[in-house]
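> Residues in the sequence shown are numbered consecutively from 104, following the working numbering. C-beta: ideal position from N, C-alpha, C; glycine also.
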Amino acid sequence: MPNIRSAYTDSVNFFGEESPLELAQRFGTPLYVYNERILRSRCRELVGLSSHPGFHVNYSAKANTNPALLSIIREEGCVVDAMSPGEIFLNMRAGYTADEILYVCNNVDAPELKNAVDRGLLVSVDSLSQLDLYGRVNPGGKVVVRFNPGIGAGHSAKVVTGGKETKFGVDPSRLDDVFSILAAHRLQLVGINQHIGSLFMDGASYVSAMNVLLDLAVCLMKRGAKISLIDFGGGFGIPYHKYEGEKRLDLQEFGALLNSRISEWSREHGYDGRFYIEPGRYAVAECGLVLGRVNAVKTNGTNIYAGTDIGFNVLARPMLYDAFHDMEIYRKDGCPDTNLIEQTVVGDICESGDILAKKRLLPRMQEGDILGVLDAGAYGYVMASTYNSRLRPAEVLIGEDGKARLIRRRETLEDLASTLCVLN
Ligand code: LLP
104 MPNIRSAYTD SVNFFGEESP LELAQRFGTP LYVYNERILR SRCRELVGLS
154 SHPGFHVNYS AKANTNPALL SIIREEGCVV DAMSPGEIFL NMRAGYTADE
204 ILYVCNNVDA PELKNAVDRG LLVSVDSLSQ LDLYGRVNPG GKVVVRFNPG
254 IGAGHSAKVV TGGKETKFGV DPSRLDDVFS ILAAHRLQLV GINQHIGSLF
304 MDGASYVSAM NVLLDLAVCL MKRGAKISLI DFGGGFGIPY HKYEGEKRLD
354 LQEFGALLNS RISEWSREHG YDGRFYIEPG RYAVAECGLV LGRVNAVKTN
404 GTNIYAGTDI GFNVLARPML YDAFHDMEIY RKDGCPDTNL IEQTVVGDIC
454 ESGDILAKKR LLPRMQEGDI LGVLDAGAYG YVMASTYNSR LRPAEVLIGE
504 DGKARLIRRR ETLEDLASTL CVLN
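(1) Examine the Cβ distances between the segment 366-380 and the segment 197-204 and report whether three or more of them are shorter than 8 Å.
(2) According to the Cβ coordinates, are A409 and V400 closer than 7 Å?
(3) Answer yes or no: the CB of G336 versus the heavy atoms of the ligand HEM, is any distance below 6 Å?
(4) Report the residue ranges of all beta strand (DSSP E) runs contained in full by the segment 116-143; include only those spanning at least 3 residues, in chain order.
(5) Please report the distance separating the alpha-carbon of A552 from that of I452.
(6) By Cβ distance below 8 Å, which residues in the same chain neighbour A601 in space, the five residues on each side in sequence not counted?
(7) Is it true that the CB of I284 sits closer than 7 Å to the CB of L234?
(8) What are the partner residues of D184, as DSSP defines its beta bridges?
(9) Can you pull the DSSP bridge partners for A213?
(10) Hey, would you say the C-beta of V72 is under 6 Å away from at least one heavy atom of the ligand LLP?
(11) State the start and end residues of the unbroken beta strand (DSSP E) segment that holds L285.
(12) Alpha helix (DSSP H) containing D518: first to last residue?
(13) In terms of DSSP beta bridges, what is G475 paired with?
(14) Please tell me whether N167 and V387 are closer than 7 Å, where the distance is taken between their beta carbons.
(15) Please identify the residue among F357, A110 and M104 whose C-alpha is closest to the C-alpha of G348.
(16) At a threshold of 6 Å, does E215 count as lining the ligand LLP (C-beta to nearest heavy atom)?
(17) Please give the ranges of any beta strand (DSSP E) in the segment 259-347, keeping only runs that are unbroken, at least 3 residues long and fully inside the region.
(18) Of all the options F282, N116 and N406, which has the alpha carbon lying nearest to the alpha carbon of E389?
(19) Cutting at 8 Å between CB atoms, please list the residues of its own chain near V499, excluding the five before and the five after it.
(20) Within the present structure, is the beta-carbon of P275 separated from the nearest heavy atom of the ligand LLP by less than 6 Å?
(21) What are the residues that DSSP puts in a beta bridge with Q446?
(22) Please look up how many angstroms separate the CB atoms of R249 and N296, rounded, as I've assumed it's under 8 Å.
(23) Would the beta-carbon of V393 be found less than 6 Å away from any heavy atom of the ligand LLP?
(24) Just the C-alpha distance for A307 and D318, rounded to the nearest angstrom, thanks.
(25) Does the ligand LLP have even one heavy atom less than 6 Å from the beta-carbon of R420?
(26) What's the gap between the Cα of H372 and the Cα of K329?
(27) Following the continuous alpha helix (DSSP H) through L172, name the residue where it begins and the one where it ends.
(28) Could you give the first and the last residue of the continuous beta strand (DSSP E) run that contains A497?
(29) Please check the pair R434 and N106, which I expect to be a contact at CB under 8 Å, by giving their CB distance rounded to whole angstroms.
(30) Specify, as a first and last residue, the run of the beta strand (DSSP E) that T411 falls within.
(31) Relative to the C-alpha of I458, which residue among G450, G265 and L464 is closest?
(32) Taking 6 Å as the cut-off, is the C-beta of S227 nearer than that to any heavy atom in the ligand LLP?
(33) Use the C-beta contact count for S455: other C-beta atoms within 10 angstroms, 16 or more gives buried, fewer gives exposed.
(34) Please indicate yes or no: does the CB of Y343 lie closer than 6 Å to some heavy atom of the ligand LLP?
This is how it looks when you write it as structure tokens:
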């Protein structure tokens with residue numbers, strides 16, 4: 104049933120047999136809601152990018168680590184990365200085995216490296232100093248080195264990871280140092296990886312960076328390295344501006360380019376190893392949204408504020424990166440309202456920066472409305488916090504049968520106190 108503003112979720116049948124109002128009633132708000140069908144179709148698009156036998160999608164778990172989603176992603180044929188002991192733990196809980204997990208960490212200590220090695224994971228290190236530490240932890244072992252291709256891309260300076268101005272990767276001009284550390288610890292360099300940044304909408308910089316990594320692989324192989332894994336990283340963008348009809352990243356064009364480049368390159372260099380891409384956002388962003396409630400509406404000066412229970416403890420992206428998330432509005436017996444007025448949508452955290460959308464053109468909101476913040480499946484729940492001692496929300500999954508099931512309960516006050524120690 105169309106509601107005040109629901110054209111997008113209606114068009115993709117996001118809520119299946121459920122209604123956002125009933126979900127808010129049954130599970131409470133704020134609430135993360137995911138759609139299994141959309142998740143599966145995004146994974147299939149990624150897996151279908153190349154038919155090259157060595158091609159794999161290495162889902163970047165940092166975008167969303169709920170094991171219910173991870174196990175669907177695994178069923179769809181994606182392997183996975185991890186960047187902390189917690190991500191290894193959750194990946195394994197979802198059924199991933201050690202040979203399906205690549206550990207892509209940075210600036211970690213010896214026990215953390217040892218934890219990954221003891222669990223049988225292949226590890227990527229991202230500096231000479233971490234390579235040396237890894238060599239001491241796992242002498243004679245296999246290792247992947249993350250290089251910085253000198254090219255960056257991303258939606259905010261905070262998420263550009265390639266280029267000389269970032270903390271990531273080894274500078275390719277330091278190959279002599281890499282080889283001497285490898286030799287000192289009898290390490291075998293079996294793979295190379297990179298990640299230029301998060302959210303590109305045209306593949307040009309990604310393809311340039313791919314070429315840099317492939318040239319580097321040739322260099323390393325000439326020097327005797329038996330490379331069997333080349334990981335180009337993630338960063339595939341999604342259209343956040345749904346209601347403005349923003350175009351999707353052209354995966355057809357990108358896939359054709361990727362497929363022909365890796366196939367030709369493999370033939371030319373007699374390479375029969377693996378190629379990874381490492382998307383996080385593309386797989387999970389659009390299958391998720393947050394439902395919240397409009398608790399108060401007021402005018403301060405010239406601003407109309409809609410005050411909701413979606414503070415930046417629930418969804419940090421707008422506050423952190425000025426990120427744009429489209430919004431929908433659902434109301435009991437609501438009908439589409441195309442009369443838009445400027446409103447500033449805010450949360451319930453005690454900071455004036457707690458803004459979800461500034462002066463956004465939306466149908467006029469009322470107290471009691473349910474708000475849907477779209478494209479929140481990636482870097483949503485995983486970045487939620489208990490700031491202001493608020494409880495982290497619940498998560499539900501709309502299955503392929505159209506029914507909602509709880510995949511994470513809402514936190515309780517006891518959870519807030521569960522790590523406290525009593526002083527005697
Ligand atoms: N691989 C590595 C080594 C990464 O650091 C990342 C993301 C990815 C893959 C996946 O990138 P994606 O395909 O999701 O763009 N919190 C920010 C995004 C931070 C991304 C960090 N690294 C946001 O909400 O936009």
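Once the coordinates are examined:
(1) no
(2) yes
(3) Only the ligand LLP can be found as ligands here, which leaves the ligand HEM out of the picture.
(4) Taking 3 residues as the shortest admissible run, the segment 116-143 contains the following complete beta strand (DSSP E) segments, listed from N- to C-terminal end: 134-138.
(5) In this structure the chain extends from 104 to 527, so residue 552 is not present and cannot be described.
(6) Here the chain comprises residues numbered 104 to 527, so residue 601 is not present and cannot be evaluated.
(7) Yes; because the gap between Cβ atoms is below 7 Å, this pair is in contact.
(8) S163 and L205
(9) Paired residue(s): none; A213 is not in a bridge.
(10) Nothing can be reported for residue 72, as the shown portion of the chain is limited to 104 through 527.
(11) First-last for L285: L278 to A287, but that is the alpha helix (DSSP H), not the beta strand (DSSP E).
(12) L516 to A520
(13) L394 and E431
(14) yes
(15) A110
(16) no
(17) 291-296 and 332-334
(18) N116
(19) L126, F130, L134, Y135, V136, Y137, A507, R508, L509 and I510
(20) No; taking the cut-off as 6 Å, the Cβ of P275 has no heavy atom of the ligand LLP nearer than that.
(21) R463
(22) 5 Å
(23) no
(24) 17 Å
(25) yes
(26) 12 Å
(27) P170 to E178
(28) Following the DSSP letters along the chain, one finds A497 inside the beta strand (DSSP E) bounded by residues A497 to I501.
(29) Contact between R434 and N106 holds, since their C-beta atoms are separated by about 6 Å, short of 8 Å.
(30) N406 to T411
(31) Distance check between I458 and each of G450, G265 and L464 places G450 closest, using alpha-carbon atoms only.
(32) no
(33) exposed
(34) no
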